[in-house]
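First up is the structure itself, then whatever we jot down about it.
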Amino acid sequence: MQNKNSKKTITPENFTGLQQGVIPEYATGVTAIKSTLEHIARETGYSKGFSALNKMNQKEGFDCPGCAWPDPKERSSLGEYCENGAKAIAEEATKKKVDASFFTKHSVAELLEWSDYELGKSGRITEPLFIAKGESHYRPISWDAAFTHIGKKLQALPTPNDAIFYTSGRTSNEAAFLYQLFARKFGTNNLPDCSNMCHESSGKALGETIGIGKGTVKLDDFSKTDLVIVMGQNPGTNHPRMLSALRETKKNGGKIITINPLPEVGLMAFKHPQKPLELLGKPTKLTDLFLQVKINGDVALLKAFLLYLVDAELTGSDFVLNTDFIKQHTAGYENFVTELKQHNIHDLVAQTGIPFSIFNEAAALIAKSNKIIICWAMGLTQHKNAVDNIREAVNILLLKGSIGIEGGGVCPVRGHSNVQGDRTMGIWEAPPEAFLDKLGTVFNFSPPRKHGYDVVNAIKAMKAEKDKVFIAMGGNFISATPDTELTAQALRNCKLTVQISTKLNRSHLVHGTTALILPCLGRSERDIQNGKEQFVTVENSMGVVHQSKGHLVPVSDKLLSEPMLVAKIAAATFEKNTTIDWIKTASDYTLIRDIIAQVIPGFDNYNEKIKAPNGFYLPNNPRNQVFDTPNKKANFTTNAVSDILLDKGQFLMMTIRTHDQFNTTIYGLDDRYRGIYNERRVVLMNRKDMAAASLVEQTVVHLISHYQGEERKAHNFKIIGYDIPKGCIATYFPEANILVPINQTARKSNTPASKSIIVSIERA
Ligand SMILES: Nc1nc2c(c(=O)[nH]1)N[C@H]1C(S)=C(S)[C@@H](COP(=O)(O)OP(=O)(O)OC[C@H]3O[C@@H](n4cnc5c(=O)[nH]c(N)nc54)[C@H](O)[C@@H]3O)O[C@H]1N2
Ligand SMILES: Nc1nc2c(c(=O)[nH]1)N[C@H]1C(S)=C(S)[C@@H](COP(=O)(O)OP(=O)(O)OC[C@H]3O[C@@H](n4cnc5c(=O)[nH]c(N)nc54)[C@H](O)[C@@H]3O)O[C@H]1N2
Ligand code: SF4
Ligand SMILES: [Mo]
C-alpha cells in the first residue's frame, strides 16, 4: 500500500490533454475504417499491415491476437476482422524495435517514468536481455546463457513451490501444454493465469451448476434465438464481431436486452464495416430494452426476474416455466423457490436503480421467450459476489429450460484469444484429479497434488517470502494485477523474474534481483522449426479448436517460438535428468499435439482432426442436456443480494477498458465511443452527483479506495459528467489498479473485485 503522503508511485500520474467530443450514435461504420487505416499506417505501413490483415481469421491464416470471439463458417473476402483486431495486429507487426541500444540509452529507472502507452509504443523486443543484481540497465545476453541462468536458479530453490509460472491467454495450446507439463515435472501446480482475473468466476459458477466451466452456445444459435441478454459486457469495443452475431439475431426477429450501468454505444446500434451498402444506409438498432443497472445491482435484478417468472400471479400465466426440463434435469428447485419467495419484487428492483416499468417490460419479454442466450463478461465476473451473479443467470435459463437447445444457453464471452484453450491444456492452479492422473500415467511420474497459487495468492506469497522465481509466459503482471504498489514489492522480492514477451511493458521494469526478457514470435509471424513451417492451435470462446499459422517475416531473427522457449527452459533445468526429449518435441509441433491427444479428452486424433478448415468442436455435454455435476443434474442455487454499503461521500467504482486498448496494451489515448479524447486519467460521474459535490467538468481530483480500514490513493484524475447511475463512477484499467485492494476478491473464484471498489473523491 502506498504511503499517503508520498506521490511517488509505480505508474506515472500525469495528464496528456483531455478533449471532450460527442458520443456517436452507433458503432463502427466509416469512422472505424478510418481508425483502422490510421493505426496500420502508423505502426506497420500499408503493405505489411494489409498483408497481415488478409490472412487474419482466414482458414489458411492466423488467429486474431485480439479477443476470443469465434470465426463464422463462411469467411468474408472483404476481411474477417474488426477495427480492434486490426489494431491488435498493427501493434504486433509494428516496425518499431526495442533492441540492446534502446536499453543502453534508457535505464530502468527512467523507463518507469513512462506511461504504459509510451512503453508499448517503443516496439517489439528483438533479442534476449538480462539485468544483474544492482544494475541500472538491461543488456544483451546469449540465449544459452539465459537458459543456463534460469535452470540454475530453479535448481537452487529449496522447494519447487517457490517457483511461479504465470500465463497470459495468448499462448497457443502447444506452448501451454508443454509449459504446464514442465511446471508439474518440476514439482508444482503454481500456474496462475490471467483467467484468475477474468472468467474464473464463470468457470466456478458454471462448473457447479451445469457441470462444465465453459459456454454452451454456438455461433449460429444467435440467429435462432428469441432473446439475447447481454450483461456486463461492452462488445462494441471488446468483442466487435459479436455485433455481427447480434445483428443476425435482430434480422431473424430475436430481441436484445442490455444490462449495464453505461449505455455502451456498440450495443445500441451498429453498421457492419464489411457490408459496403450498410455503410451508406441506416445502422441496425441492436438493443430493444436497456436496463441501466447500478454497479453490482445484478443479483438483485436477476432475483427480481426469477421472482417474476416463478410467480404466475405476476405473469398472469402458468406456462412461463419449462416444468418438464425442471423435473427431468434439475435439482434444488424447491429450495430455490422457497428462498426466492422471501424477497419482495419492488424492494429488489429498487436496489437496481432501474425504473419498475422498464424492469416489467424486460421481465415480460423473458417470460414469453423460450430460447434465451445470456452473454456476459467482466461486468459480472469482477465483483465480490461475481460467482453469485452467474449462478443467478443460470437459474433463469434453468427455469426456462434454455440450456442445450438450439438458440439457447450460456455464453461467457472470453477475453484473450486462447485463454479458454490454455485452461483446457492444464494451465490451472487447481487441476482436476483426473487430469493429473492421466498426465502421470502418460509421462510416468507423480504430478504434484497440492493446489498451487492463483494470481492473488501468488502475489501474497511473493510479498511474504523473499527469493522466489517468477516466470511469465506473456502478459503484463504488474499492470494487470490489483494493488499495484503491493504487487511491485512482491515482484521485487523475487530472486529472478523472467518475462517471455513480444513487446516492452511495465513488468520488465518492476523486476527481481536478476531479470530476463525473452522475446518470442508473435501470432502473425512465420514459425519455422527444423526447416519446416509450423502452425499452432487455439480454442475460441465457443469451444472450437482450430489452426493458426503466421506468415509474416519475424521482426528479428533472434526470436524463439513459445514452445521452443519452454523446451529450452525445461532442458536447462532438468539437464540429463529427464525422460522427455524437450527439444525434439518442440522441433515438430505435431509431436506436441500427439502427446496432448494422449492426455486431454476430446483431442484424440488431434493431428488429423485439426486439418478440418473450420477446426473441430470439443465435447460439451450440457449442449445435449447432460450435466456432469456430482448429482448428474443441473443445479438451482440460492444467492444473497449485494452486501456493499457505501458511507456518505463514497462511490462504487468500476475499472473498465477504453476503445483504444487491449488490456494493458494502450493503442491510443482516445475512447471514441464515449466521446473522450487524448486522456485516460478520467472519472466518469453522474452529473447530479457532481453538482452535489460541487464538482464541474474537468475538476482535478484524487481517488481514495476504502477496504476494511485500509486506504489506497491514486492521484490526478479529471471529472467527466456522464450517463452513469448515481453513486457509481468509472475509471480506466490499468491506471486505477493501484486502488484495487488485494484482499477484496470474489468469493469462491478469488478474482479481484475490480468492478466494485469503494472510493471517495478528494479535490486536488
Ligand atoms: N479491444 C479490446 N478487446 C478486448 C480487450 C481489450 O482490452 N480491448 N480485452 C479482452 C479481455 S482479456 C476481456 S476479459 C474482455 C473484456 O470485455 P468486457 O467485459 O466488455 O470489458 P470491460 O471494459 O471490463 O467492460 C465491462 C462492461 O461491464 C459493465 N459493468 C461494469 N460493472 C458492471 C456491473 O456491476 N453490472 C453490469 N451489468 N455491468 C457492469 C461496464 O459498464 C462495461 O460495459 O475483452 C477482450 N477483448
Ligand atoms: N482493474 C482491472 N484490472 C484488470 C482487469 C479489469 O477489467 N480491471 N481485467 C483483467 C483481465 S480480464 C485480464 S485478462 C488481465 C490481463 O492480464 P495480462 O494477460 O497479463 O495482460 P495483457 O495486457 O493482456 O498482456 C500484454 C502483454 O503481453 C505480451 N504479449 C502480447 N502478445 C504476446 C504473445 O503472443 N506472446 C507472448 N509471450 N507475449 C505476448 C506483450 O509483451 C504485452 O505487453 O488483466 C486483468 N486486470
Ligand atoms: S472480434 Fe475479436 S477476434 Fe474478431 S477480429 Fe475483432 S478483436 Fe479479433
Ligand atoms: Mo480477460
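For what it's worth, this note's numbering labels the leading residue of the sequence shown as 1, then goes sequentially.
Where is the CB? At the ideal position from N, CA and C, for every residue including glycine.
- Here Phe470 is actually not in contact with Leu486; their C-beta atoms are around 15 Å apart, not less than 8 Å.
- Spatial neighbours of Trp582 in its own chain (CB-CB distance under 7 Å, excluding positions within 5 residues in sequence) are listed in chain order as Ala567, Ala570 and Ala571.
- Per DSSP, the beta-bridge partners of Ser501 are Pro519.
- A residue is called buried once 16 or more other Cβ atoms fall within 10 Å of its Cβ, and His659 is buried on that count.
- With three or more CB-CB distances shorter than 8 Å, the segment 228-244 counts as touching the segment 375-391.
- Comparing alpha carbon positions, the residue from Pro601, Gln489, Val700 and Ala612 closest to Thr513 is Gln489.
- Checking the DSSP bridge columns, you'll see Arg712 partnered with Ser705.
- In the three-state DSSP reduction, Tyr26 falls in the coil class, being neither helix nor strand.
- Set against 7 Å, the gap from the CB of Cys194 to the closest heavy atom of ligand 4 is smaller.
- For the set Ala730, Asn530 and Arg681, the Cα lying nearest the Cα of Tyr589 is the one of Asn530.
- The beta carbon of Arg687 lies closer than 6 Å to those of Gly721 in the same chain, with the five residues before and after it left out.
- Boundaries cannot be given for Phe603, as no beta strand (DSSP E) includes it and DSSP labels it neither H nor E.
- Considering only Lys204, Lys153, Thr745 and Gln19, the residue with the shortest C-alpha distance to Ala430 is Lys204.
- Contact between the segment 259-268 and the segment 280-287 is established, with three or more Cβ pairs separated by less than 8 Å.
- DSSP places Glu74 outside both helix and strand once states are collapsed to three, so it counts as coil.
- Beta-bridge annotation (DSSP): Gly236 is not paired with any residue.
- For Pro563, there is no enclosing beta strand (DSSP E); the residue is part of the alpha helix (DSSP H) that begins and ends at Glu562 to Phe574.
- With respect to the 8 Å criterion, Gly407 and Asp226 are classified as neighbours on the basis of their beta carbons.
- Contact between Glu92 and Pro240 fails: their C-beta atoms lie close to 17 Å from each other, not under 8 Å.
- Rounded to the nearest whole angstrom, the CA to CA distance from Lys609 to Ile141 is 41 Å.
- Taking 4 residues as the shortest admissible run, the segment 351-431 contains the following complete alpha helix (DSSP H) segments, listed from N- to C-terminal end: 356-368, 378-381, 386-400 and 419-424.
- Within the same chain, Cβ atoms closer than 7 Å to the Cβ of Lys73 are found at Asn614, the five residues on either side in sequence being excluded.
- Between Arg506 and Ser479, the alpha-carbon positions lie close to 7 Å from each other.
- The C-beta distance from Cys728 to Ile358 rounds to 17 Å, too long to meet the 8 Å contact threshold.
- One thing to note: Ile644 has its Cβ no nearer than 8 Å to the Cβ of Val701.
- Ile478 carries a helical assignment under DSSP once its states are collapsed to helix, strand and coil.
- Residue side-chain check: Ala88 places its Cβ nearer than 7 Å to a non-hydrogen atom of ligand 3.
- For Trp69, the shortest separation between its Cβ and any heavy atom of ligand 3 lies below 7 Å.
- The segment 424-442 and the segment 648-657 do not touch, with fewer than three beta-carbon pairs separated by less than 8 Å.
- Taking C-beta atoms as the reference points, Gly213 and Phe325 fail to come closer than 8 Å.
- Taking a cut-off of 8 Å on C-beta distances, the segment 125-144 touches the segment 95-109, as three or more cross pairs fall below it.
- In this model, Leu246 and Phe733 are separated by some 27 Å (Cα to Cα).
- Taken through DSSP and simplified to helix, strand or coil, Tyr308 comes out as helix.
- Put simply, the backbone Cα of Lys648 is about 22 Å away from that of Asn716.
- Not one heavy atom of ligand 1 falls within 7 Å of the beta-carbon of Glu80.
- About 15 Å separates the beta carbons of Ile89 and Ala32, which is beyond the 8 Å limit, so they are not a contact pair.
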